[in-house]
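> The structure follows.
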Amino acid sequence: MKFHYFNILLLNIPLNILIFSSHVYDKKNACNSTTPHVPKTKTTKIPTIRLLCECELYAPPNNDYPEMKALMQNFDRQTQQRFHEYDERMVEKRMQCKDKCDKEIQKIILKDKLEKQMKQELTTLETKITTDDIPTCVCEKSIADKVEKGCLKCTQNFGGIVAPSSGVLAGIVEGALSVWKPAAIIAAKDAAAKAASDAAIEAGIKAVILKIEQFLKPFTKKEGLVNFTSVVNKSNFKCPTALFQNAKELLRDSCIPNKETKSTSVFCNSVIKYRGESTFETFAQAGATAYDAEFGTKSVELEAANVGAVEATYASYQTAIIASIVAIVVIVLIMVIIYKILRYRRKKKMKKKLQYIKLLEE
89 MKFHYFNILL
99 LNIPLNILIF
109 SSHVYDKKNA
119 CNSTTPHVPK
129 TKTTKIPTIR
139 LLCECELYAP
149 PNNDYPEMKA
159 LMQNFDRQTQ
169 QRFHEYDERM
179 VEKRMQCKDK
189 CDKEIQKIIL
199 KDKLEKQMKQ
209 ELTTLETKIT
219 TDDIPTCVCE
229 KSIADKVEKG
239 CLKCTQNFGG
249 IVAPSSGVLA
259 GIVEGALSVW
269 KPAAIIAAKD
279 AAAKAASDAA
289 IEAGIKAVIL
299 KIEQFLKPFT
309 KKEGLVNFTS
319 VVNKSNFKCP
329 TALFQNAKEL
339 LRDSCIPNKE
349 TKSTSVFCNS
359 VIKYRGESTF
369 ETFAQAGATA
379 YDAEFGTKSV
389 ELEAANVGAV
399 EATYASYQTA
409 IIASIVAIVV
419 IVLIMVIIYK
429 ILRYRRKKKM
439 KKKLQYIKLL
449 EE
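Right under this line is the structure:
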């Protein structure tokens, strides 16, 4: 019979199991056959025993293959490499543990030595000395030292970089405001003058229209009445000649003579023919008077309002700049005070450490 075992050490090893009968291979496999001892005088039946034969079962049949040799060599090489790496890691860990233990031992020895020397010799120094005041050779930094050094760096950077740069920026902004203020005041005055002129023109036009309406009241029931208030606009309300020409153009049809009487209407005679341009001088004078009065009042009011707005804006900017400068100065002072306190503490601590180191050297 033949059985196969696979995937053992990445090899296919056939296992041959041969079953033999002892009565057939009695002489060949005498080492594996057991026959009970029977006296010669008696005739007994020899029992048949079936046993496995040692036929080099554990000898692989493919040792002579080059692929198998290469595979085995690769496996041995990788195994040796892994063991070598493991040994190196273990050596490194042992060295680290040894260094740590040596440091701890040195620390303990140093503390004991300092305590003995302080008890014997340090009579002039303070007696209340804790273990925290004893210098050690350990390079690890505590959280307090890290915070202290961070505060020192922040204070130096803030006082040396931020504060001067803030002052420069404040000066630049102040210069820009000093240039902006006159230009803003001029622009405010121009805007006030324009707004006052518009309001005065409206007032002048209204005054001329009101004067014309008062002039037309007596001619309400007369023939040929024409309301010529539409000829008034912002370009001619102060000019009697322009008003007369526009009204004459508008009343051209109503001033045609009658075919029967060969005469024009009373309205046309009163407005155009007899009085002429002198009628419109009163209208233009009323418009000019209203314009001057309104312009004088509005220009003062609007200019004061606009200039006041500019001054208020400038004052708010000035207040903001001053407040920012004061805040920066206060912050700088606080940081300088913190820096001085921390520096004093560091100097005191370093002085004490130097005393201990000097004592150790002695």
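Quick note, the working numbering runs 88 ahead of the 1-based positions in the sequence shown. Where is the CB? At the ideal position from N, CA and C, for every residue including glycine. Computed from a predicted structure; not experimentally measured.
#1: DSSP on K322, reduced to helix/strand/coil?
#2: Please report the Cβ distance between L313 and N324, rounded to the nearest whole angstrom; I am assuming they are in contact, meaning their Cβ atoms lie under 8 Å.
#3: Roughly how many angstroms separate the alpha carbons of Q205 and R434, rounded to a whole number?
#4: Alpha carbon to alpha carbon, how far is P328 from I297?
#5: According to the Cβ coordinates, are A275 and L390 closer than 9 Å?
#6: Among the candidates N315, K437, T308, whose CA atom is the shortest distance from the CA of A335?
#7: What three-state label does DSSP hand L339 in the structure shown?
#8: Using only alpha-carbon positions, find the residue among M438, K269, H172 that is nearest to A397.
#9: Report yes if the C-beta distance between E382 and A287 is below 9 Å; otherwise report no.
#10: Can you name the start and end residues of the alpha helix (DSSP H) that L159 belongs to?
#11: Report buried or exposed for K428, applying the criterion of at least 16 other Cβ atoms within 10 angstroms of its Cβ.
#12: Using the C-alpha atoms, what's the distance from K294 back to Q373?
#13: Any idea if K188 is buried or exposed, counting beta-carbon neighbours within 10 angstroms, 16 or more meaning buried?
#14: Look at L338 and C356 and say whether their C-beta atoms are less than 9 Å apart.
#15: Using three-state DSSP, classify L390 as helix, strand or coil.
#16: Contact defined as beta carbons within less than 8 Å: I believe I273 pairs with V388. What is the distance between those atoms, to the nearest angstrom?
#17: DSSP three-state call for N315: helix, strand or coil?
#18: Count the other CB atoms, across all protein chains shown, that sit within 10 Å of the CB of V417; report buried if there are 16 or more and exposed otherwise.
#19: Compute the Euclidean distance between the alpha carbons of E176 and D164, then round it to the nearest angstrom.
In short, the structure shows the following:
#1: What you label residue 322 is simply residue 234 of the sequence shown in a count that begins at 1. Coil.
#2: Locating residue 313 in the sequence shown gives position 225, where the first residue counts as 1. Locating residue 324 in the sequence shown gives position 236, where the first residue counts as 1. Contact doesn't hold; Cβ gap of about 22 Å is too wide.
#3: Along the sequence shown, one-based indexing puts residue 205 at 117. Along the sequence shown, one-based indexing puts residue 434 at 346. Roughly 25 Å between the two C-alpha positions.
#4: By 1-based counting over the sequence shown, the position of residue 328 is 240. By 1-based counting over the sequence shown, the position of residue 297 is 209. Straight-line Cα distance between these residues: approximately 13 Å.
#5: What you label residue 275 is simply residue 187 of the sequence shown in a count that begins at 1. What you label residue 390 is simply residue 302 of the sequence shown in a count that begins at 1. In this structure, L390 does not lie closer than 9 Å to A275 by Cβ.
#6: Along the sequence shown, one-based indexing puts residue 335 at 247. For the residues N315, K437, T308, the minimum Cα distance to A335 belongs to N315.
#7: Residue mapping note: residue 339 aligns to position 251 of the sequence shown, counting from 1. Correct three-state label for L339: coil.
#8: Working through the sequence shown from its first residue, we reach residue 397 at position 309. Looking at the Cα atoms, K269 is the closest of the given residues.
#9: Position 294 of the sequence shown holds residue 382. Position 199 of the sequence shown holds residue 287. Their beta carbons are under 9 Å apart, which means E382 touches A287 by this criterion.
#10: By 1-based counting over the sequence shown, the position of residue 159 is 71. Element bounds for L159: 154–208.
#11: Numbered from its first residue, the sequence shown carries residue 428 at position 340. Classification of K428: exposed, given that the 10 Å Cβ count is below 16.
#12: Taking the first residue of the sequence shown as position 1, residue 373 is located at position 285. Taking the first residue of the sequence shown as position 1, residue 294 is located at position 206. Near 13 Å, if we compare the C-alpha coordinates of K294 and Q373.
#13: On the sequence shown, position 100 is the one that residue 188 refers to. With fewer than 16 other Cβ atoms within 10 Å, it is exposed.
#14: Within the sequence shown, the letter at position 250 stands for residue 338. Within the sequence shown, the letter at position 268 stands for residue 356. Against a cut-off of 9 Å, the Cβ pair of C356 and L338 comes out as no contact.
#15: What you label residue 390 is simply residue 302 of the sequence shown in a count that begins at 1. Helix.
#16: In the sequence shown, the residue the question calls residue 273 occupies position 185. In the sequence shown, the residue the question calls residue 388 occupies position 300. That pair is no contact at about 15 Å.
#17: Position 227 of the sequence shown holds residue 315. If DSSP states are grouped into helix, strand and coil, N315 belongs with coil.
#18: Position 329 of the sequence shown, counting from 1, holds the residue named residue 417. Counting Cβ neighbours within 10 Å, V417 comes out exposed, since fewer than 16 surround it.
#19: Against the sequence shown, residue 176 aligns to sequence position 88. Against the sequence shown, residue 164 aligns to sequence position 76. Their Cα atoms are separated by approximately 18 Å.
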